[in-house]
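Working notes, beginning with the structure itself.
Chains as they are written, first to last, in our numbering: chain C, 49 to 162; chain F, 6 to 115.
Here is the structure:
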């Protein structure tokens, strides 16, 4: 158990809909990262937050957004969903961004868009 | 752009048959090479971090090594419970994100 929690574990929805994925980092970790894992692309970095502020952006679509709250949990919002958004979404956390911190991953949310 | 290539894509071993997985990388200013293990439908589980060429780390039957261009994950006398996908990732200069390879799926038969 990494100490990172994610809810829900599974999500089934329809095209055009909007969903929210939630992540609670390990106790004391200030950084939260979101990754998408699909069969053909592997793990792809989406976005990073540090202590409530956006720190880095990766291959995140404009239909997707995220935020980190004062209690350090984070939410990833996916809107206008398409079939191709079906994937595993992982959250990871690390203690800070001072350079060499390990990222610990949560169990993921499996999203299926029908 | 940082890149990671893992080989082979899949590896099937008999229990006790040692082997190595390869991770080749291109990165500007390496600030860490990471190995993770991932079981189907689960999150990646952290194994090792290597920071500089020549560094080695061991954990049970696994040993990770690092050169300037690649890393190896050596598996000695594997057991069926070592079956998983092994992921390699790098963190380059100026970025906190990890860039992952597509992984090597290891199957160890009893």
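Glycine is no exception: its CB is placed at the ideal position from the N, C-alpha and C atoms.
If you're wondering where the values come from, they're calculated on a predicted model, not measured in any experiment.
Do residue i and residue j have their C-beta atoms within less than 8 Å of each other?
i	j	result
residue 67(F)	residue 55(F)	no
residue 78(C)	residue 99(C)	yes
residue 89(C)	residue 106(C)	no
residue 154(C)	residue 61(C)	no
residue 46(F)	residue 50(C)	no
residue 18(F)	residue 151(C)	no
residue 26(F)	residue 77(F)	yes
residue 42(F)	residue 89(F)	yes
residue 127(C)	residue 111(C)	yes
residue 6(F)	residue 103(C)	no
Going by C-alpha distance, which of the options is nearest residue i?
i	options	result
residue 50(F)	100(F), 114(F), 94(F) and 115(F)	94(F)
residue 37(F)	75(F), 11(F), 113(F) and 43(F)	75(F)
residue 72(C)	97(C), 90(C), 104(C) and 59(C)	97(C)
residue 34(F)	26(F), 83(F), 57(F) and 84(F)	57(F)
residue 15(F)	70(F), 115(F), 92(F) and 104(F)	92(F)
residue 63(C)	85(C), 84(C), 157(C) and 134(C)	134(C)
residue 140(C)	111(C), 159(C) and 85(C)	85(C)
residue 137(C)	149(C), 81(C) and 102(C)	81(C)
residue 69(C)	87(C), 76(C) and 83(C)	83(C)
residue 161(C)	56(C), 57(C), 118(C) and 66(C)	66(C)
Put residue i into one of helix, strand or coil per three-state DSSP.
i	result
residue 132(C)	helix
residue 22(F)	coil
residue 14(F)	coil
residue 101(F)	coil
residue 86(F)	helix
residue 65(C)	coil
residue 79(F)	strand
residue 56(F)	coil
residue 123(C)	strand
residue 107(C)	coil
residue 110(F)	strand
residue 42(F)	strand
residue 32(F)	coil
residue 6(F)	coil
Could you tell me which residues DSSP puts in a beta bridge with residue i?
i	result
residue 70(C)	55(C) and 123(C)
residue 72(F)	BP columns for residue 72(F) are empty, so no partner.
residue 89(C)	The partner list for residue 89(C) (beta bridge, DSSP) is empty, contrary to what the question assumes.
residue 101(C)	98(C)
residue 140(C)	81(C) and 153(C)
residue 158(C)	58(C) and 136(C)
residue 113(C)	125(C)
Pull out every residue of the segment 58-86 of chain F whose Cβ sits closer than 9 Å to any Cβ of chain C, in chain order. Within the segment 58-86 of chain F, no residue has a Cβ that lies closer than 9 Å to any Cβ of chain C.
Positions along the segment 131-162 of chain C whose CB lies within less than 9 Å of some CB in chain F: Per Cβ criterion, the list reads 136, 138, 139, 140, 142, 145, 147, 148, 149, 150, 151, 152, 153, 154, 155, 156 and 158.
Could you run through the segment 99-121 of chain C and flag, in chain order, every residue whose CB is less than 7 Å away from some CB of chain F? Using a CB distance below 7 Å, the part of the segment 99-121 of chain C facing chain F consists of 103, 104 and 106, ordered along the chain.
Would you list, in chain order, the members of the segment 36-53 of chain F that have their beta-carbon closer than 8 Å to a beta-carbon of chain D? This model lacks chain D altogether, as its protein chains are C and F.
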